[in-house]
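Take a look at the structure set out below.
Numbering (full-length UniProt numbering), first residue to last: 1 to 535.
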């Protein structure tokens, strides 16, 4: 098996990514970030708003349109399918692993380190999870990695520099068209600084880097210039709000990201150990590459820490260099016949932890109260697979079997994402869970009061109009109004006397908590009022 993996690295990575990223795409409730992207993509198809992007007919310029553009290639076949809206992000995540493989291979000049690093990246917790929490992050960072891949190739090449430079410009441009300058700061800047320090700051490298950066930014800025020309007032207002968030929203102390290695999930312990640069620099094969990956990692964390606004998902850019850094230490551990004491202790602790995680699934019935046939089929399947992986760890628990143990890490995450995540449906705690997708909505007379959550807009599957009581009330005999939980009393007081409430239906999107639970969130409760004109 190990020989096949080494012989066919790209095929291996694709197969691993299919299992990691393409299963259970319709199981999880959509997140607020997903809903925003889905709504923009849907309105491109239904309202033809391809450049002046909207969400519920309101300008949505906070994020550039490329992720939505790419999404429409698939969602056009069924604008209601969550699977088709999530599929593009999984494809891009797979491309990210492949781009990283070729970038690491170009830097390391060996496919072994590139393969190990790409497998670590693909199975890192937040690289898997970010597809649901912040899909635009996946796009911007993946295409920036593509840009860096071709910058590296352009610097190294003596005959195809122009071709690689053009592809690098395209990658950087798409990255900017996905989430603005975010990845320029979090991925490009630390990479280039680390590259110039560890490798080359030659005239050719500087010219290629600066030219691709400038032309890439120009390509990415084209959409902003278009919107600035046609809708400058709204764009300026949104830009000011977004900029102010960087210094006033989710503000955390400088040291907030010091536990960044935890975002790699299963790799947290070995990732932390791999950062001991003075200790491992004499042990790894390629000292220059190790210096580069360590600098790239540390610089990325420092630059991200300098921004007042901090969120865990903002650490995804660090996972790329961290994977490369860890891969070099892992390769050293694979090859040495006598591990150093630090590696030996870390490895034993890590695999004891993984073993415990593997056998802990037997306790799932103590957490989940569901006892249906489908639950038991899922449970026994998961237990069998996790116990099999734990058995592999138990019978190969030796520093000399580190390659086999490494594969067990990969298999464990593959089982969790393909089989384990399927069990999300058994964690449903709210018997009254319901969304607007089940409502009979009337497009011509559908309104909302004050505001609508992005998830509710998605569930309604259409554009609705704002209801403003300060202006003339709709003249239809029947009116449907979507009202958020926080506006119910205010809305009821303003219903015109010539209308009566015909029906009220509640829609509760709290999936993991019931109304009696402290974790139940009022913002996820929506009411659909049907008003009827009195005779």
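Even for Gly, the Cβ is constructed at its ideal location relative to N, Cα and C. As the structure is a prediction and not an experimental result, all values here were calculated from the model.
Residue state for residue 199 is assigned as coil, using DSSP reduced to three classes. When rounded, the separation of the alpha-carbon atoms in residue 491 and residue 57 is 22 Å. Between residue 208 and residue 155 the beta-carbon gap is near 6 Å, inside 8 Å, which marks them as a contact. In the three-state reduction of the DSSP assignment, residue 508 falls in the strand class. With 16 or more other Cβ atoms from the protein chains shown falling within 10 Å of its own Cβ, residue 393 counts as buried. By the C-beta criterion, the segment 196 to 210 is judged not to be in contact with the segment 18 to 26, since fewer than 3 inter-stretch pairs fall below 8 Å. Judged by DSSP in its simplified three-state form, residue 428 adopts coil rather than helix or strand. DSSP, reduced to helix, strand and coil, places residue 370 outside both helices and strands of the structure shown, so it counts as coil.
Between residue 250 and the set 303, 238, 311 and 198, the nearest pair of CA atoms involves 311. Of the residues assessed, residue 158 falls on the exposed side of the cut-off, its CB having fewer than 16 other CB atoms within 10 angstroms. In the three-state scheme derived from DSSP, where H, G and I count as helix and E and B as strand, residue 284 is classed as coil.
Three or more beta-carbon pairs separated by less than 8 Å are not found between the segment 110 to 118 and the segment 127 to 142, which leaves the two stretches without contact. The alpha-carbon of residue 320 is positioned some 30 Å away from that of residue 359.
Taking the Cα positions, residue 426 is about 18 Å away from residue 384. Residue environment for residue 306: exposed (fewer than 16 other C-beta atoms within 10 angstroms of its C-beta). Between residue 294 and residue 275, the C-beta gap is smaller than 8 Å, which places the two residues in contact. Nearest neighbour of residue 182 by Cα position, chosen from 429, 313, 447 and 372, turns out to be 313. Assignment of residue 54 by DSSP, reduced to helix, strand and coil, places it in the strand class.
The C-beta distance from residue 94 to residue 409 rounds to 19 Å, too long to fall under 8 Å, and the pair is not in contact. When the beta-carbon positions are compared, residue 45 and residue 226 stay at least 8 Å from each other.
The segment 12 to 19 makes contact with the segment 91 to 106, as at least three CB pairs between them are under 8 Å.
Spatial neighbours of residue 461 in its own chain (CB-CB distance under 7 Å, excluding positions within 5 residues in sequence) are listed in chain order as 80 and 437. Excluding five sequence positions before and after residue 54, the CB atoms of its chain that fall closer than 6 Å to its own CB belong to 43 and 60, given in chain order. Counting along the chain, residue 532 sits inside the beta strand (DSSP E) bounded by residues 525 to 533. For the pair of segments examined, the segment 501 to 516 was found to touch the segment 524 to 532: the number of CB pairs separated by less than 8 Å reaches three.
DSSP, read as helix, strand or coil, puts residue 434 in coil.
The C-beta separation of residue 530 from residue 480 comes to about 5 Å, placing the pair in contact by the 8 Å criterion.
Following the DSSP letters along the chain, one finds residue 447 inside the beta strand (DSSP E) bounded by residues 446 to 449. Boundaries of the alpha helix (DSSP H) harbouring residue 237: 232 to 248, taken from the DSSP string. The beta carbon of residue 445 is closer than 8 Å to those of 474, 476, 478, 479 and 480 in its chain, skipping five residues each way along the sequence. Only residues of its own chain outside the window of five on either side were considered, and among them 9 and 105 have a CB closer than 6 Å to the CB of residue 111, listed in chain order.
In summary, residue 464 is buried, with 16 or more beta-carbon neighbours lying within 10 Å of its beta-carbon over all protein chains present.
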